[in-house]
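Residue numbers are given in our numbering: position 187 of the sequence shown equals residue 321, and the series is strictly consecutive.
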Amino acid sequence: MNVPHSTGSANPGDLLAEIRSVIQTDLNDAEEFSIKALDSDIPLIQEIGRHFHQYGGKKLRPITVILSARALGFEEGQSHIILATILETIHVATLLHDDVVDDSKMRRGKASANSIWGNPASVLVGDFLYSRTFELLVEIQRMEVFDVMARTVRRISEGEILQLVQLEEAGITEEQYFETIERKTEALYSAGAQD
135 MNVPHSTGSA
145 NPGDLLAEIR
155 SVIQTDLNDA
165 EEFSIKALDS
175 DIPLIQEIGR
185 HFHQYGGKKL
195 RPITVILSAR
205 ALGFEEGQSH
215 IILATILETI
225 HVATLLHDDV
235 VDDSKMRRGK
245 ASANSIWGNP
255 ASVLVGDFLY
265 SRTFELLVEI
275 QRMEVFDVMA
285 RTVRRISEGE
295 ILQLVQLEEA
305 GITEEQYFET
315 IERKTEALYS
325 AGAQD
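Structure representation (structure tokens):
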């Protein structure tokens with residue numbers, strides 16, 4: 135396994151670029167898989183999917199999966215690529231739903247999907263993406279992975295609901311804030327790093 139060497143730079147972007155350079159082939163494969171995950175004869179699904187792929191993003195969740203797989207010696211086959219795709223697809227589904235809940239009009243400096251296609255389309259395409267992750271999980275054929283992903287989506291949903299409840303209350307404690315973040319954000323990273 136090629137391990138990036140430190141350039142001595144304190145810039146996290148430089149380190150991320152080094153890491154990406156080592157695993158770029160796997161990241162490209164995961165990106166291709168992600169595009170295939172949007173395959174549908176319904177044009178709206180593909181339109182919203184393309185919209186999200188234009189955002190780019192750092193792809194930290196797929197990077198976590200690929201690095202974890204390599205650290206554990208899983209470099210052959212497609213399971214780690216499929217799992218990276220699953221995590222990114224779940225992430226996109228949560229963003230679609232989150233923008234509806236938060237009534238966000240922008241996502242990463244661009245118009246959010248719900249501001250272009252409306253809330254119903256965003257929610258339903260998010261649901262479609264969740265269903266695609268189930269299909270991809272079946273391809274891996276490992277119940278323990280399915281279990282981790284099911285618990286992860288449940289925790290993310292609980293985090294969203296917890297945030298909704300907290301917004302209706304007078305204030306939020308630091309402890310409540312970190313619990314919400316743990317459920318909404320940490321859950322996907324944790325799932326990607328499990329063996």
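For each residue, glycine too, the CB sits at the ideal point set by N, CA and C. Here the structure is a predicted model, which is why all the values come from computation and not from measurement.
Residue i versus residue j: straight-line alpha-carbon distance, rounded
{"i": "residue 205", "j": "residue 237", "result": "40 Å"}
{"i": "residue 210", "j": "residue 200", "result": "11 Å"}
{"i": "residue 285", "j": "residue 279", "result": "10 Å"}
{"i": "residue 212", "j": "residue 302", "result": "44 Å"}
{"i": "residue 162", "j": "residue 198", "result": "14 Å"}
{"i": "residue 190", "j": "residue 196", "result": "13 Å"}
{"i": "residue 166", "j": "residue 177", "result": "18 Å"}
{"i": "residue 323", "j": "residue 304", "result": "30 Å"}
{"i": "residue 153", "j": "residue 160", "result": "12 Å"}
{"i": "residue 293", "j": "residue 155", "result": "33 Å"}
{"i": "residue 148", "j": "residue 242", "result": "21 Å"}
{"i": "residue 307", "j": "residue 175", "result": "46 Å"}
{"i": "residue 327", "j": "residue 216", "result": "14 Å"}
{"i": "residue 325", "j": "residue 151", "result": "23 Å"}
{"i": "residue 269", "j": "residue 244", "result": "30 Å"}
{"i": "residue 202", "j": "residue 158", "result": "15 Å"}
Candidates the options: closest to residue i by CA position
{"i": "residue 394", "options": "192, 175, 161, 169", "result": "Since the displayed the chain opens at 135 and closes at 329, residue 394 lies outside it and no answer follows."}
{"i": "residue 251", "options": "231, 270, 269", "result": "231"}
{"i": "residue 259", "options": "275, 239, 225", "result": "225"}
{"i": "residue 321", "options": "307, 287, 151, 308", "result": "287"}
{"i": "residue 187", "options": "215, 202, 229", "result": "229"}
{"i": "residue 330", "options": "157, 151, 202, 256", "result": "The requested residue 330 does not occur in the structure, where the chain is confined to residues 135 to 329."}
{"i": "residue 319", "options": "194, 215, 183", "result": "194"}
{"i": "residue 253", "options": "244, 269, 235, 268", "result": "235"}
{"i": "residue 164", "options": "273, 214, 274", "result": "214"}
Buried/exposed call for residue i, threshold 16 Cβ in 10 Å
{"i": "residue 283", "result": "buried"}
{"i": "residue 233", "result": "buried"}
{"i": "residue 298", "result": "exposed"}
{"i": "residue 276", "result": "exposed"}
{"i": "residue 262", "result": "buried"}
{"i": "residue 266", "result": "buried"}
{"i": "residue 207", "result": "exposed"}
Contacts around residue i, its chain only, beta-carbon distance under 6 Å, and the 5 residues preceding and following it disregarded
{"i": "residue 264", "result": "227"}
{"i": "residue 168", "result": "219, 222"}
{"i": "residue 248", "result": "233, 234, 256"}
Cβ neighbours of residue i in the same chain (closer than 8 Å, five flanking residues each side left out)
{"i": "residue 296", "result": "310, 313, 314, 317"}
{"i": "residue 137", "result": "With a pLDDT of only 49 at residue 137, under 50, the local geometry of the prediction cannot be trusted, and the value read off the model is given with reservation. Cβ neighbours of residue 137 beyond the five flanking positions: 156."}
{"i": "residue 290", "result": "224, 228, 317, 318, 321, 322"}
Cut-off 7 Å between Cβ atoms - residues of its own chain near residue i, not counting five sequence neighbours on either side
{"i": "residue 246", "result": "233, 238, 239, 240"}
{"i": "residue 271", "result": "220, 279, 280, 283"}
{"i": "residue 179", "result": "172, 259, 262"}
Just to confirm the assignment: which complete alpha helix (DSSP H) runs, minimum length 4, are found wholly within the region 224–306? 247–251, 253–274, 277–302
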